[in-house]
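Everything on this sheet refers to the single structure shown next.
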Amino acid sequence: EAGVTQSPRYAVLQEGQAVSFWCDPISGHDTLYWYQQPRDQGPQLLVYFRDEAVIDNSQLPSDRFSAVRPKGTNSTLKIQSAKQGDTATYLCASSFGGGQNTLYFGAGTRLSVL
Amino acid sequence: QQQVRQSSQSLTVWEGETAILNCSYENSAFDYFPWYQQFPGEGPALLIAIRSVSDKKEDGRFTIFFNKREKNLSLHIKDSQPGDSATYFCAASDSSGSWQLIFGSGTQLTVMP
Numbered sequence: 001e002a003g004v005t006q007s008p009r010y011a012v013l014q015e016g017q018a019v020s021f022w023c024d025p026i027s028g029h030d031t032l033y034w035y036q037q038p039r040d041q042g043p044q045l046l047v048y049f050r051d052e053a054v055i056d057n058s059q060l061p062s063d064r065f066s067a068v069r070p071k072g073t074n075s076t077l078k079i080q081s082a083k084q085g086d087t088a089t090y091l092c093a094s095s096f097g098g099g100q101n102t103l104y105f106g107a108g109t110r111l112s113v114l
Numbered sequence: 115q116q117q118v119r120q121s122s123q124s125l126t127v128w129e130g131e132t133a134i135l136n137c138s139y140e141n142s143a144f145d146y147f148p149w150y151q152q153f154p155g156e157g158p159a160l161l162i163a164i165r166s167v168s169d170k171k172e173d174g175r176f177t178i179f180f181n182k183r184e185k186n187l188s189l190h191i192k193d194s195q196p197g198d199s200a201t202y203f204c205a206a207s208d209s210s211g212s213w214q215l216i217f218g219s220g221t222q223l224t225v226m227p
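First to last, the sequence lines map onto chains A and U.
Numbering of the first sequence is given in our numbering, commencing with residue 1 and proceeding in unit increments.
Numbering of the second sequence is given in our numbering, commencing with residue 115 and proceeding in unit increments.
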């Protein structure tokens with residue numbers, strides 16, 4: 001069974017540029033999460049979906065970050081105008097049923113904003 | 115306020131020793147505590163988890179000891195191997211609240227051969 005797939009693996013951009021991250025969750029998993037993991041820190045939840053609905057986006061910097069999951073399968077996280085403070089690894093995870101079920105993480109996209 | 119705290123940023127042990135990784139938490143409503151293992155260049159993966167109704171959970175060489183009164187827990191890795199070298203994250207969630215998994219900042223374990 002394929003795991004969670006993310007692309008690209010790496011992204012380097014200048015401040016003010018836009019970037020999108022793509023995630024393909026495990027087939028059949030209805031819940032999808034986006035986490036931000038700064039260097040030497042634990043993952044911090046940005047947003048999560050149940051099917052195509054946003055359940056919690058309270059920690060998403062809404063002025064520059066957006067996330068969609070239009071068909072309840074793949075998802076895209078976009079940063080409109082990146083800042084140096086956005087430098088981090090962006091992890092996508094999926095689970096079946098949400099709640100306290102196991103999260104399965106992708107390998108992440110490592111973003112550097114210069 | 116850091117809700118889940120891992121006291122050591124790094125830990126080095128020799129092959130064959132027992133590595134002990136500590137974790138504490140603030141929210142007494144937390145009732146589920148997974149430990150995730152992360153290798154460089156990979157995402158975290160669930161290693162072992164415990165619910166607050168238990169005080170011990172064992173899976174092979176990995177054991178969680180949980181102290182609800184003191185709001186702390188520890189992960190013991192018996193007979194540590196170089197392949198166990200990774201970063202270990204303690205996490206917690208509350209089934210009566212948002213269910214959101216809160217991660218600690220991680221402990222980087224190095225097992226020397």
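Even for Gly, the Cβ is constructed at its ideal location relative to N, Cα and C.
Distance CB(residue i)-CB(residue j) smaller than 7 Å
i      : j      : result
U:W128 : U:Y202 : no
U:Q214 : A:L60  : no
A:G28  : U:S219 : no
U:D193 : U:G130 : yes
U:Y139 : U:A206 : yes
U:F153 : U:D169 : no
Residue i in three-state terms, based on DSSP
i      : result
U:P148 : strand
U:Q117 : coil
U:D123 : The residue asked about is misnamed: residue 123 of chain U is Gln in this sequence, not Asp. Looking at U:Q123 - three-state DSSP - the assignment turns out to be coil, as it is neither helix nor strand.
A:Q84  : helix
A:D24  : strand
U:D173 : strand
A:D56  : strand
Of the listed residues the options, nearest to residue i (C-alpha basis)
i      : options                        : result
A:A88  : A:Y104, A:F65, A:V113, A:T5    : A:V113
U:Y146 : U:D198, U:A133, U:S209         : U:S209
A:D24  : A:T76, A:A82, A:Q100           : A:T76
A:L91  : A:S81, A:K83, A:Y104           : A:Y104
A:P70  : A:Q84, A:V54, A:S62            : A:V54
U:D173 : U:G157, U:F153, U:S199, U:H190 : U:H190
A:P38  : A:Q84, A:Q100, A:G98           : A:Q84
A:R64  : A:A18, A:Q80, A:F96, A:S58     : A:Q80
U:T224 : U:C137, U:S142, U:Q151         : U:Q151
A:V19  : A:N57, A:A82, A:Y35            : A:A82
A:G97  : A:S58, A:L32, A:D56, A:D86     : A:L32
A:K78  : A:A67, A:S94, A:G72            : A:A67
A:Q100 : U:N136, U:P154, U:E156, U:L160 : U:L160
A:A93  : U:P158, U:S138, U:A143         : U:P158
A:I26  : A:Q6, A:Y10, A:D56             : A:Q6
A:P8   : A:G16, A:D56, A:W22, A:Q14     : A:W22
A:G16  : A:D86, A:T102, A:S95           : A:D86
U:V167 : U:G155, U:R175, U:S142, U:F153 : U:S142
U:L125 : U:A200, U:G211, U:R165         : U:A200
A:G72  : A:D56, A:S95, A:W34, A:D30     : A:D30
Contacts of residue i in chain D (Cβ-Cβ under 8 Å)
i     : result
A:F96 : Absence of chain D from the displayed structure is noted, the protein chains being A and U.
Residues of the stretch 79 to 93 of chain A in Cβ contact with chain U at a cutoff of 9 Å, in chain order, please. T89, L91, C92, A93
Measuring CB atoms only, is the stretch 49 to 69 of chain A touching the stretch 119 to 133 of chain U, in the sense that at least three cross pairs come out at less than 8 Å? no
Check whether the stretch 173 to 186 of chain U and the stretch 93 to 113 of chain A touch, using three or more Cβ-Cβ pairs below 8 Å as the test. no
With 9 Å as the limit, tell me which residues of the stretch 19 to 30 of chain A have their beta carbon closer than that to any beta carbon of chain U; keep them in chain order. none
Using a Cβ-Cβ cutoff of 8 Å, what residues of the stretch 50 to 68 of chain A are near chain U? List them in chain order. D56
Near-chain A residues of the stretch 138 to 172 of chain U - C-beta to any C-beta below 9 Å: D145, Y146, P148, Y150, Q152, G155, E156, G157, P158, A159, L160, A163, R165
If contact means a Cβ-Cβ distance below 9 Å, which residues of the stretch 211 to 222 of chain U contact chain A? S212, W213, Q214, L215, I216, F217, G218, S219, G220, Q222
For the stretch 117 to 132 of chain U, list every residue whose C-beta sits within 7 Å of some C-beta in chain A, in sequence order. none
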